[in-house]
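Each remark here refers to the structure printed beneath this line.
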Amino acid sequence: MVRGWYTGASGMNAQQNRLDAIANNLANVDTAGYKREIVASKNFSELLLRRTNMDGVYQTPFGSSDTAPVIGKLGLGVETNENYIDFAQGSFKLTNTKTDVALTDKGFYVVDTPAGERYTRNGNFLIGKEGILETKDGYPVLGEHGYIYLENDRININEDGIIAYSEDGSEVDRLKVVRFDNERYLKKMGNSFYAETQISGPAHIAEGAERPGFLQGYSETSNVNVVNEMVQMIEVNRAYEANQKSVQSEDSMMGTLWQKVAVLQ
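Counting from 1 along the sequence shown, just add 10 to a position and that's the residue number in this note's numbering.
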């Protein structure tokens with residue numbers, strides 16, 4: 011019975027982790043460039059149940075063997091295996107803002123923050139007071155030559171990310187875009203920023219086939235599907251309630267057992 015408590019509790023913990031991820035996805039459905047989180051679970055190792063009245067060991071040329079027949083398996087619960095990010099492409103939203111740029115494939119903009127370089131898919135940029143291309147939070151966006159200084163927003167950004175003034179065609183810089191070996195294991199840092207981890211590997215400049223395309227005047231929406239997330243939330247709630255009832259049943263049986271023992275004594 012005690013094992014049943016732990017089995018049910020482990021299921022409740024796993025479903026709670028899934029619910030937290032789904033709630034965070036729904037809260038950021040309108041966040042530009044947001045990527046949904048997915049929680050993966052795995053079973054604990056199962057135990058084989060054997061008949062206790064037919065125990066015995068006999069010797070074979072290869073060692074020993076148990077003669078008790080297997081009658082089934084006993085599950086020991088579940089645990090959260092990993093929480094990773096789904097970097098599937100989001101849809102594009104027309105903004106008609108010259109400083110908004112959407113990536114059409116995998117890759118990340120590089121942003122200079124007080125904590126070091128951070129990476130984002132959110133291409134909603136603006137020109138700051140000092141004439142530097144910045145994120146909505148005021149962090150400079152990096153080009154291949156450093157900060158991107160712009161005199162005005164009358165610019166054109168081609169499919170390769172080259173920024174040029176629309177008046178005379180003079181080039182300013184080229185947007186710096188990076189890739190990772192294992193992008194799904196990047197760490198979310200808030201404000202649509204990501205940081206590299208040991209599993210994701212270090213950032214490397216995206217060139218050639220790895221470099222995505224650029225769409226000026228567009229914004230990439232989140233890749234969260236509200237209907238799917240709501241369906242998963244219902245499934246999680248039902249699974250959580252089922253595990254909760256199993257724990258309550260185990261507790262009720264344990265209470266009944268102790269009452270019987272007290273009466274017999």
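Glycine is no exception: its CB is placed at the ideal position from the N, C-alpha and C atoms. Here the structure is a predicted model, which means the values were calculated and not measured.
Quiz prompt | Where the beta strand (DSSP E) containing TYR228 begins and where it ends | solution = 228-230
Quiz item: For ILE165 versus LYS116, is the C-beta spacing smaller than 7 Å?
Solution: no
Quiz item: Within 10 angstroms of its Cβ, does THR266 collect 16 or more other Cβ (buried), or is it exposed?
Solution: exposed
Quiz prompt | Inter-residue CB distance, LYS45 and PHE102 (contact presumed, cutoff 8 Å) | solution = Not confirmed; about 15 Å, so no contact.
Quiz item: Contact check, HIS214 vs ARG189 under 8 Å by CB: the rounded distance?
Solution: 6 Å
Quiz prompt | Spatially closest choice to ASN35 from SER232, GLU92 and ALA249, by CA coordinates | solution = SER232
Practice problem: Measure the CB-CB distance between VAL121 and THR130 and report whether it falls below 7 Å. | Solution: yes
Quiz item: DSSP on TYR94, reduced to helix/strand/coil?
Solution: strand
Quiz item: beta strand (DSSP E) containing ASN53: first to last residue?
Solution: 47-53
Quiz item: Closest to THR123 by CA distance: which of TYR204, LEU86, LEU196 and GLU177 is it?
Solution: TYR204
Practice problem: Could you check if PHE224 is buried or exposed, using at least 16 other CB atoms within 10 Å of its CB as the buried criterion? | Solution: Residue environment: PHE224 is assigned as buried (16 or more neighbouring CB atoms within 10 Å of its CB, all protein chains considered).
Practice problem: Could you spell out the range, first to last residue, of the alpha helix (DSSP H) harbouring GLY318? | Solution: The first residue shown for the chain is 11 and the last is 275, placing residue 318 beyond what the model contains.
Quiz item: Would you say LEU36 reaches chain D, if we count a Cβ-Cβ gap shorter than 7 Å as a contact?
Solution: Here chain D cannot be found, since the structure has a single protein chain.
Practice problem: Work out the CA separation of GLU245 and GLY43 for me, nearest whole Å. | Solution: 27 Å
Practice problem: Give a yes or no on whether the C-beta atoms belonging to ALA112 and GLU230 are separated by under 7 Å. | Solution: Closer than 7 Å, so yes.
Quiz item: Nearest-angstrom Cα distance between TYR175 and ASN23?
Solution: 55 Å
Quiz item: By how many angstroms is the C-alpha of VAL257 removed from the C-alpha of ASP40?
Solution: 38 Å
Quiz item: So, VAL88 versus ASN53, is the Cβ gap smaller than 7 Å?
Solution: yes
Self-check item: TYR16, enclosing beta strand (DSSP E) - first and last residue
Solution: Taken as a continuous stretch (DSSP letters only), TYR16 belongs to no beta strand (DSSP E), being part of the alpha helix (DSSP H) at 12-37.
Quiz prompt | Sequence-distant residues of its chain with Cβ nearer than 6 Å to ALA249 (five each side left out) | solution = GLN25
Quiz item: Taking TRP15 as the reference, which of GLU260, VAL234, GLN269 and VAL271 has the closest Cα?
Solution: TRP15 has its Cα closest to that of GLU260, out of GLU260, VAL234, GLN269 and VAL271.
Exercise. Below 8 Å on the Cβ atoms is my guess for PRO212 versus GLU206; work out the distance and round it to an integer in Å.
Key: 6 Å
Quiz item: Can you give, in chain order, each stretch of the beta strand (DSSP E) that sits fully within the segment 205-258 and has at least 3 residues?
Solution: 224-226 and 228-230
Self-check item: Of the residues PHE118, ILE209, LEU86 and THR90, the one placed nearest GLN99, counting alpha carbons only
Solution: PHE118
Quiz item: By how many angstroms is the C-alpha of ALA37 removed from the C-alpha of LEU152?
Solution: Using only the alpha carbons, I get a separation of about 29 Å.
Practice problem: Determine the DSSP secondary structure at ASP110, reduced to helix, strand or coil. | Solution: Residue state, collapsed to three classes: strand.
Self-check item: Same chain, Cβ closer than 6 Å to VAL234, neighbours up to 5 away in sequence not counted
Solution: ASN35, VAL39 and ARG46
Quiz item: Could you check where the beta strand (DSSP E) with ILE158 kicks off and where it finishes?
Solution: Where ILE158 is concerned, there is no enclosing beta strand (DSSP E), given that its DSSP letter is neither H nor E.
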